[in-house]
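Structure record follows, encoded as structure tokens.
There are 2 protein chains.
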Amino acid sequence: MQSGRKASGMELRERLVGMREELLEELKEFLRMPSVSAREDGGGAFRECAEWVLGKLEEAGARARLLETGGHPVVYAEAGEGEGALLSYGHYDVQPPEPLELWESDPFEPAIRGDRLYARGVADDKGDVLARIQALRIYLREHGELPFRLRFLIEGEEEVGSPSLGPFVRENAGLLSADACLWEGSIKDEAGRPVIFCGTKGLAYVELRARGPSHDLHSMYGGIAPNPAWRLVQALRTIKNERGEITLDGFAELAEPPSPEDLEAISRIPFDDAALRTAWGVEELDRGLSGREALEEMLLRPTANIAGMHSGYTGPGSKTIVPSEAFVKMDFRLVAGQSPSRVVQLLREHLRRRGMEDIEVVDLHGLEPAKTPVNAPIVRLAKETWSDLGRDDALVYPTIGGSGPTSLIATGLGIPTIMAGNVADSESRIHSPNESVRVEDYLETVAYFVRLFERFGGR
Amino acid sequence: MQSGRKASGMELRERLVGMREELLEELKEFLRMPSVSAREDGGGAFRECAEWVLGKLEEAGARARLLETGGHPVVYAEAGEGEGALLSYGHYDVQPPEPLELWESDPFEPAIRGDRLYARGVADDKGDVLARIQALRIYLREHGELPFRLRFLIEGEEEVGSPSLGPFVRENAGLLSADACLWEGSIKDEAGRPVIFCGTKGLAYVELRARGPSHDLHSMYGGIAPNPAWRLVQALRTIKNERGEITLDGFAELAEPPSPEDLEAISRIPFDDAALRTAWGVEELDRGLSGREALEEMLLRPTANIAGMHSGYTGPGSKTIVPSEAFVKMDFRLVAGQSPSRVVQLLREHLRRRGMEDIEVVDLHGLEPAKTPVNAPIVRLAKETWSDLGRDDALVYPTIGGSGPTSLIATGLGIPTIMAGNVADSESRIHSPNESVRVEDYLETVAYFVRLFERFGGR
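If you read the sequences in order, they're chains A and B.
Under the UniProt record's numbering, the first residue of the first sequence carries the number 1, and numbering increases by one thereafter.
Under the UniProt record's numbering, the first residue of the second sequence carries the number 1, and numbering increases by one thereafter.
What follows is the structure, encoded as structure tokens:
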């Protein structure tokens with residue numbers, strides 16, 4: 001990886017001027033394919049979409065193939081020759097468009113209104129996928145050959161939790177080896193600044209289930225029948241103390257402390273907690289957090305969140321019962337050092353130690369945390385590429401705060417993995433009706449990857 | 001009130017032998033009228049039922065009338081002349097029969113199978129209502145006149161929470177004055193022993209509502225967004241301590257302690273907590289309670305029960321959100337000294353004192369506690385009447401553990417109020433499909449009230 005000549009942002013974007021219609025028409029074609037992974041694939045429409053991506057990769061100059069996974073196929077491709085290697089991860093499947101009545105135009109008929117292009121999947125993740133393929137095509141047209149290996153891993157099951165990705169990565173480690181991985185999922189922030197994310201938190205998603213009487217009882221027995229809702233409250237009170245601090249035995253001890261570099265990166269991120277409070281309609285953040293402390297909590301500290309809970313009668317008015325069951329759904333966001341399986345084990349031990357082994361811990365979903373140092377070469381490259389485009393305001397976040405299967409690559413294969421250059425912005429409404437991107441952001445993303453490939457290749 | 005000659009149980013029941021068919025046919029006629037108070041009254045069928053009861057009262061020899069309430073009318077009647085007065089409370093409305101598919105015969109076409117009579121309302125409360133009217137008729141046929149005033153208050157809205165009863169009682173206190181009131185709602189227990197209940201607990205039914213962000217958030221914000229489900233847990237932990245004891249400020253102090261007589265009554269009640277545990281499928285009662293301690297808790301101590309709770313995502317699998325709202329439904333069962341409005345006030349003060357005034361306390365429903373001393377004359381009379389029928393096993397419970405509007409009479413009018421002699425048993429499935437009573441129990445109930453009227457009248 002070497003840094004190349006400094007090109008002006010205008011110059012880079014000007015390269016695309018004559019291609020504008022071509023690039024956008026191709027994107028619209030991609031967006032018209034309803035590749036909703038949560039649906040049954042009616043008659044091969046889904047595979048057609050995978051084959052379309054394959055065709056685009058070949059057209060761009062890559063050697064592409066479909067690799068079967070048992071679920072939807074992975075589109076894999078490789079271009080270029082050389083010592084270095086870059087891996088690009090994306091997905092060609094999309095979220096269901098429902099509720100349809102809230103869309104202002106057909107989710108699968110791309111429409112431009114104002115400066116934005118609306119369609120399901122344009123921000124998550126078809127825009128990213130195609131921008132990188134088009135960038136390769138432009139690169140090869142202009143420079144003739146790519147002096148490193150550029151590998152594409154484009155899956156079709158991201159929106160249903162990537163069930164085949166783990167086995168696929170393990171079985172195809174050789175195909176995926178690289179110096180760095182560019183994951184999908186970055187954004188431009190509220191102020192339009194490009195963001196580079198250097199990691200994801202892990203996730204342990206569990207359900208705690210308490211059982212009381214075999215059937216709901218008249219609440220005249222409320223003083224003597226074991227009440228599963230109270231039982232859960234008694235368990236939950238041992239997981240957070242009165243101050244809202246996590247008190248799960250051994251949980252804090254597992255967490256690696258944030259590095260000085262992470263803390264330094266945090267200090268450079270503009271963070272307006274007043275704007276968040278306004279957006280959320282709350283007077284205070286949790287535990288009265290504010291400023292850098294809140295940002296550090298959000299990006300670098302683990303959480304113990306209640307995502308849902310239920311017991312007994314929840315309809316209108318009054319019904320007097322001792323419920324027979326109660327459950328709470330919790331997601332623990334994890335930082336380096338905390339694996340989900342270990343956290344589930346801690347939770348079971350924690351409850352057992354308190355005589356609460358009657359509370360069942362159901363392990364629903366787990367993701368490992370993944371972290372690339374904020375001063376890794378790929379982070380520098382990604383930031384400098386923005387500078388080349390005239391954007392000196394790119395921000396480096398130690399993590400995205402959320403979770404994803406990045407650790408399969410970052411930890412599983414030991415490849416530094418970041419999210420950068422993606423097409424979405426803060427108004428993209430990912431997973432919601434009226435998903436969109438700014439048209440100019442899309443074209444800028446194509447230019448960004450052309451330039452990133454140049455930099456990585458030493459130009 | 002004087003105790004009269006001791007008649008043998010056989011002798012009393014023998015009086016009814018020739019009337020068996022007449023009494024049962026009349027009951028079936030009553031049961032065929034679908035007086036479901038929760039339904040819209042289609043074309044006056046409901047009023048027809050009230051008028052039928054009125055007719056039966058007149059036929060028995062009472063002076064009866066319908067009194068309008070704004071809702072379904074009250075059937076009021078009075079019989080006899082004299083110093084003493086007895087008030088009988090019952091209701092002619094019934095619960096909805098649904099789910100219909102679980103009935104083995106038409107809920108409104110009474111059917112005898114084995115030794116039981118099946119129909120909606122037979123146990124709650126038409127059997128009781130008619131047995132008392134028939135008892136009056138038999139009494140007057142046999143003795144010519146009744147030497148005290150027997151008053152009937154028969155309402156038509158009990159199964160929808162008696163909304164008109166409070167105003168009715170206040171406006172008609174003169175019509176209702178009596179030395180004692182025989183409320184509906186007693187049973188025979190699992191061993192077939194008649195039970196006399198001397199009171200009901202009060203009820204404060206509230207919803208506690210916590211609010212977080214204005215919309216569900218991605219749980220990547222779980223470390224900094226205020227979570228309403230955690231907020232509720234933090235509030236609930238202040239209402240019960242780790243040992244499950246109620247710690248609501250001022251709550252215990254309001255409760256009058258059980259009287260020595262109540263405690264003595266408790267000690268005479270056979271109570272098998274193992275049978276309860278088996279019926280409920282639990283290994284232990286709440287807080288490891290057992291034996292007399294459990295019975296005391298159930299009948300004489302207040303409760304703080306969670307009847308339901310809800311927040312966020314409760315469907316299958318995992319969804320990672322910070323919920324925007326959470327609520328818990330709680331019923332507090334109250335003992336003498338604890339009025340529902342005062343308890344709701346305590347709860348608000350309790351939360352305010354802890355900086356939790358953001359949690360809304362919605363007052364959904366309240367009932368005052370009501371208590372008649374276990375050694376009151378009417379209790380003795382009720383127990384001795386059972387002895388006259390050859391039943392020396394009647395049990396006196398200080399309260400029923402549950403709640404009802406008895407305090408309107410017991411406290412509002414200062415009339416000692418008990419539940420005794422009712423027709424239901426432990427298999428009656430009140431409010432459920434296949435509601436039933438034992439045919440012999442019905443006839444015994446008629447005999448019970450004939451004898452009770454005799455005793456009250458000094459025979």
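Don't be surprised by glycine CBs; every beta carbon is placed ideally from N, CA and C.
Burial state of residue i (16 or more Cβ within 10 Å)
i                 : result
ARG170 of chain B : exposed
VAL17 of chain B  : exposed
VAL362 of chain B : exposed
LEU31 of chain A  : buried
GLY457 of chain B : buried
GLU357 of chain A : exposed
GLU444 of chain B : buried
ALA274 of chain A : exposed
THR406 of chain B : buried
ALA424 of chain B : buried
LEU100 of chain A : exposed
ASN241 of chain B : exposed
Residue j beta carbon less than 8 Å from that of residue i
i                      : j                 : result
PRO97 of chain A       : ALA38 of chain A  : no
PHE148 of chain A      : ALA62 of chain A  : no
LEU150 of chain A      : LEU136 of chain A : yes
LEU299 of chain A      : PRO373 of chain A : no
LEU203 of chain B      : GLY317 of chain A : no
residue 494 of chain A : PRO323 of chain A : Only positions 1 to 459 of chain A appear in the structure, and residue 494 of chain A is not among them; the question remains open.
PRO194 of chain B      : ALA376 of chain B : no
GLN134 of chain A      : VAL379 of chain A : no
ARG287 of chain A      : ARG243 of chain A : yes
residue 460 of chain A : ILE418 of chain A : For residue 460 of chain A there is no data in the structure shown, the boundaries of chain A being 1 and 459.
ARG438 of chain B      : ASP115 of chain B : yes
Cα-Cα separation, residue i to residue j
i                 : j                 : result
HIS143 of chain B : LEU334 of chain B : 44 Å
PHE108 of chain B : ARG301 of chain B : 39 Å
GLY28 of chain B  : VAL450 of chain B : With the sequence shown as reference, residue 28 of chain B is identified as Lys, and Gly is not the correct amino acid for it. For LYS28 of chain B and VAL450 of chain B, the distance between alpha carbons rounds to 21 Å.
TYR92 of chain A  : ALA123 of chain A : 11 Å
LEU208 of chain A : GLY355 of chain B : 28 Å
TRP386 of chain A : GLU454 of chain A : 13 Å
TRP103 of chain A : SER436 of chain A : 11 Å
HIS215 of chain A : SER403 of chain A : 38 Å
ARG268 of chain B : LYS383 of chain B : 14 Å
PRO416 of chain A : CYS181 of chain A : 6 Å
LYS6 of chain B   : ALA77 of chain B  : Its pLDDT being 45, under 50, LYS6 of chain B is placed unreliably in this model, and the value from its coordinates should be taken loosely. So the two alpha carbons sit approximately 29 Å from each other.
LEU346 of chain B : THR247 of chain B : 11 Å
GLU145 of chain B : GLY80 of chain B  : 7 Å
LEU295 of chain A : GLU283 of chain A : 17 Å
GLU158 of chain B : VAL129 of chain B : 13 Å
VAL36 of chain A  : VAL74 of chain A  : 15 Å
LEU367 of chain B : VAL328 of chain B : 20 Å
THR314 of chain A : SER259 of chain A : 46 Å
heavy atom of the ligand NAD below 7 Å from residue i C-beta
i                 : result
GLY458 of chain A : For the structure depicted, the ligand NAD is absent and the ligand set is empty, with no information on it obtainable.
Chain-ordered neighbours of residue i on chain B, where CB pairs are closer than 8 Å
i                 : result
GLU284 of chain A : PRO226
Proximal chain A residues relative to residue i, where beta-carbon distance stays under 9 Å
i                 : result
ILE321 of chain B : ASN305, ALA307, GLY308 and ASP331
LYS240 of chain B : TRP230, VAL233 and GLN234
TRP183 of chain B : Chain A residues near TRP183 of chain B: none, gap ~16 Å exceeds 9 Å.
Proximal chain B residues relative to residue i, where beta-carbon distance stays under 7 Å
i                 : result
TYR313 of chain A : ALA307, GLY308 and LYS329
ALA229 of chain A : ILE306 and MET309
Chain-ordered neighbours of residue i on chain A, where CB pairs are closer than 8 Å
i                 : result
MET298 of chain B : MET220, TYR221, GLY223 and ILE224
GLY199 of chain B : In chain order: nothing, as chain A lies at least about 12 Å away.
LEU176 of chain B : Per Cβ cutoff of 8 Å: no residues; LEU176 of chain B is ~27 Å from chain A at best.
Chain-ordered neighbours of residue i on chain B, where CB pairs are closer than 9 Å
i                 : result
PRO213 of chain A : ALA279, TRP280, GLY281 and VAL282
LEU208 of chain A : Neighbours of LEU208 of chain A on chain B: none; closest Cβ ~12 Å, over 9 Å.
Residues that residue i contacts on chain E, provided the C-beta gap is smaller than 9 Å
i                 : result
ARG237 of chain B : Of the protein chains in this structure, namely A and B, none is chain E.
Which residues, taken in chain order from the segment 395–425 of chain A, show a beta carbon closer than 8 Å to some beta carbon of chain B? ILE400, GLY401, GLY402 and SER403
Output, in sequence order along the chain, the residues in the segment 75–106 of chain B whose CB is closer than 7 Å to any CB in chain A. none
Beta carbons nearer than 8 Å to chain A: which residues of the segment 242–271 of chain B have them? GLU242 and GLY244
Which residues, taken in chain order from the segment 337–369 of chain B, show a beta carbon closer than 7 Å to some beta carbon of chain A? LEU364 and HIS365
Can you give me, in chain order, the residues of the segment 428–448 of chain A that have a beta carbon less than 8 Å from any beta carbon in chain B? none
Along the segment 113–127 of chain B, what residues have a CB closer than 8 Å to any CB found in chain A? none
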